[in-house]
Amino acid sequence: MKFEYATVPLLSHATKQILDTWGSDGWELVTVIPAPGGEQLVAYMKREIK
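At position 7 of the sequence shown the residue is numbered 7 (UniProt numbering), and the sequence of numbers has no breaks.
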């Protein structure tokens, strides 16, 4: 299997909506880490290339 990856900045007031939108497009959440500076979170997403 091959995967493509994406990084997605997460806005604190819309985290669920952002993740739901990416999930509905077939993306799977891998991890969430603080962005440089620590003021925002970044989600790492992956999905299989078909």
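For every residue, glycine included, the Cβ atom is placed at its ideal position computed from N, Cα and C.
With at least 16 other beta carbons inside 10 angstroms of its own, Ala43 counts as buried.
Here Leu11 carries a coil assignment [DSSP, helix/strand/coil]. Within the DSSP bridge table, the entry for Leu29 names Met45 as partners. Per DSSP, the beta-bridge partners of Pro34 are Leu41. With 16 or more other Cβ atoms inside 10 Å of its own Cβ, Met45 counts as buried.
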